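Residue numbering for the sequence shown follows our numbering, beginning at 1357 and increasing consecutively. Idealized CB from N, CA, C, for every residue including glycine. Computed from a predicted structure; not experimentally measured. Single-structure report; data block below.
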Amino acid sequence: MIGLAENILSQRLQENDGQLEKQSDIMSLFIKKAREMEGKGDACKLGQELETIKSAEITYEDIKNLRYLDAVMSETMRLYLTVPSNTKVAAKADYLPDGTFIPAGIEVTCRT
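Have a look at this one:
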């Protein structure tokens, strides 16, 4: 399973579009999480789906038919947003402009 995911990533890296960096980050995270989950239920289900691809060259049609992979990627993007953000730690207690109290030491993240 990991080899196939790495193959998909290497093919994406050969393409050149504006989403390349974001997509390669997502695929790298996907590969990392897949390695951590090796042998667990969902990873096995995903691995079984990926094993259905028989050709060495992965086509767009192959990827379109991987419904479980699509669900895994969507969930990964939901959990690990690709939207740029800026995180700071409150040095002292303060209030946001809308009146929300922020205790000292709390992380505050703004999506940019």
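Within the segment 1414-1462, the runs of beta strand (DSSP E) that reach at least 3 residues and sit entirely inside it are, in chain order, 1441-1445. One Cα belongs to A1460, the other to Y1451, and the distance between them is close to 11 Å.
Residues of the same chain with a CB within less than 7 Å of the CB of P1453, apart from the 5 flanking positions on each side, do not exist. Looking only at Y1436, E1463 and R1423, the smallest Cα-Cα distance to A1447 is reached by E1463.
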